[in-house]
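First residue of the sequence shown: 13, per this note's numbering; consecutive thereafter. Written below as structure tokens is the structure these notes are about.
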Amino acid sequence: MDTFQPAFSSWLNAPAHQQWLAAEGLRLLAFAKASRLPDGFGNLDDQGRLPDDARAETMNTARMTHSFAMAHIQGLPGFSELVDHGIEALSGPLRDAEHGGWFATAQPHEKDSGKAAYLHAFVALAASSAVVAQRPGAQALLDEAVRVIDAHFWSEEEGALRESFNRDWSEEEAYRGANSNMHATEAFLALADVTDDPRWLVRALRIVERVIHGHAAANDYLVVEHFDRDWQPLREYNHDNPADGFRPYGTTPGHGFEWARLLLHLEAARVQIGMLTPGWLAQDAQKLFEQNCRHGWEVDGAPGIVYTLDWDNRAVVRHRLHWVHAEAAAAASALLKRTDEAQFEAWYRQLWEFCDKHFIDRCDGSWHHELDPQNRPSADIWPGKPDLYHAWQAVLIPRLPLAPSMATALAKLSSPAPV
């Protein structure tokens with residue numbers, strides 16, 4: 013971890029807290045191993061079992077591959093085989109061998125055979141982590157992911173990703189999304205490290221300039237999620253389906269926290285290699301965190317952060333999702349390292365106390381993925397416990413520097429010190 017010596021006592025410097033994070037990571041990993049299917053990884057139920065109708069999905073397969081690769085890089089036995097399985101699935105049954113790119117599931121029906129930028133960003137992230145883990149087939153998977161992103165998704169004119177296409181790339185969705193571009197930013201940070209190519213940091217900054225320094229800043233640092241093809245906000249998008257798991261109506265505080273952290277990673281990555289780096293990256297990160305805490309935490313009178321807000325910052329979907337709180341804790345740790353400000357220490361502790369009390373499931377394993385407005389486990393939006401990625405990263409990020417990206421940082425920690 014970077015040298016971090018604030019003027020106050022910090023959990024980030026407490027050996028017991030570091031041990032607690034490491035132990036929680038091991039518990040999460042042990043639960044997730046059961047998600048393996050012949051064609052990739054599937055969604056586990058509340059008890060960590062695969063339902064009879066479980067299907068391999070590209071999103072979960074990519075996230076699991078990325079997560080298991082980071083476990084392997086740390087020197088944890090039992091994960092290399094799972095990384096290799098993920099690479100084989102992403103290189104085989106989940107990939108469209110005819111037209112290129114990745115389906116959402118293995119053997120999709122024609123109606124759901126489209127190609128989504130969101131999924132391709134995760135394939136690139138998984139491949140980059142597998143390359144750092146030095147697993148067979150990882151470099152070929154990475155090369156193909158980069159080729160597809162360059163050929164179809166990256167728009168140099170827009171400085172962002174196009175959203176989605178039909179199977180043969182002949183029809184494009186007339187929509188632009190902040191969520192897919194957020195995960196592209198995450199993937200591009202990893203690609204910059206693995207390929208040693210600064211163009212990915214140039215692209216990441218262009219995305220952030222548009223989505224955050226442009227649109228979010230103009231919306232009081234609450235992230236505008238949905239746009240038309242010309243990047244005009246679609247404020248009523250999914251008004252009739254407000255709890256959509258990927259494109260909910262209104263603003264999503266969890267994404268504000270996720271963007272805040274990514275802005276600090278981007279700033280650190282650019283500074284690390286001597287690139288011109290705007291000062292507003294850290295300023296915007298802090299404003300994103302503060303505004304989403306202000307409007308998202310306890311907004312309905314109960315502890316926790318609500319899933320969505322309307323355009324008057326009133327709670328719409330009041331459920332508490334685990335990934336939102338994982339991202340908030342990770343963002344608090346990043347801001348704490350960047351600023352040495354006690355307010356972020358206070359938030360970091362409060363968020364982990366909440367997760368420990370409400371989300372961590374010490375009976376059946378992993379974390380409850382969702383709580384109702386009274387903070388009781390529920391399954392209205394996300395049934396089961398399919399997600400390792402968010403909670404696993406939340407226990408890793410406080411133990412790592414802001415740059416390089418996670419897999420590369422873990423590899424450097426495992427390398428011998430220069431003589």
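Using N, Cα and C, we set each Cβ at its ideal position, and we do this for glycine too.
Residue pairing from DSSP places H238 in a beta bridge opposite G189. Annotation: the continuous alpha helix (DSSP H) that includes E156 extends over 150–160. Taking every protein chain shown into account, the CB of L321 has 16 or more other CB atoms within 10 angstroms, so this residue is buried. Under a 10 Å Cβ-count criterion, F258 is classified as exposed, with fewer than 16 other Cβ atoms of the shown protein chains found around its own Cβ. Contact check for A272 against N231 fails: the beta carbons are separated by 9 Å or more. Note on H164: 16 or more other CB atoms within 10 angstroms of its CB, so buried under the neighbour-count rule. Selection V329, D352, F356 evaluated against A342 yields F356 as nearest (Cα-Cα). Considering only P315, V206, L41, the residue with the shortest C-alpha distance to H402 is L41. Note that the C-beta distance between R282 and L217 is below 9 Å.
Taking 9 Å as the cut-off, the beta carbon of A190 is found no closer than this to the beta carbon of D296. Taking a cut-off of 8 Å for Cβ pairs, the stretch 172–185 and the stretch 386–406 do not touch, as fewer than three such pairs fall below it.
Cβ contact annotation for F134 (same chain, cutoff 8 Å, sequence separation greater than five): T70, M71, A74, R75, H78, H195, A199, in chain order.
Just measuring C-alpha positions, the residue of L347, A46, A145, D384 sitting nearest Q298 is L347. For P265, the closest of V318, W379, E365 by C-alpha to C-alpha distance is V318. Put simply, the backbone Cα of E248 is about 54 Å away from that of P428. Straight-line spacing of the CA atoms in G313 and E185 works out to 39 Å. Within the same chain, Cβ atoms closer than 6 Å to the Cβ of G113 are found at K127, V160, the five residues on either side in sequence being excluded.
Sequence-distant partners of D51 (beyond 5 residues in either direction) whose C-beta falls short of 6 Å from its own C-beta, in its chain, are A68, A101, P105, A118. When DSSP reads this structure, F53 sits in a beta bridge with R48.
Contact check between the stretch 13–22 and the stretch 365–376: fewer than three CB pairs, one atom from each, fall below 8 Å, which does not count as touching.
The three-state secondary structure of E184, taken from DSSP, is strand.
Sequence-distant partners of E170 (beyond 5 residues in either direction) whose C-beta falls short of 6 Å from its own C-beta are missing from its chain. Under the 8 Å Cβ criterion, the stretch 18–34 does not count as touching the stretch 52–68, having fewer than three qualifying pairs. In the DSSP assignment, D96 falls within the alpha helix (DSSP H) that extends over 92–103. Within the DSSP bridge table, the entry for R222 names no partner.
Distance between A338 and C367, taken at the CA atoms: about 8 Å. For the 9 Å CB-CB criterion, W23 and R306 do not form a contact.
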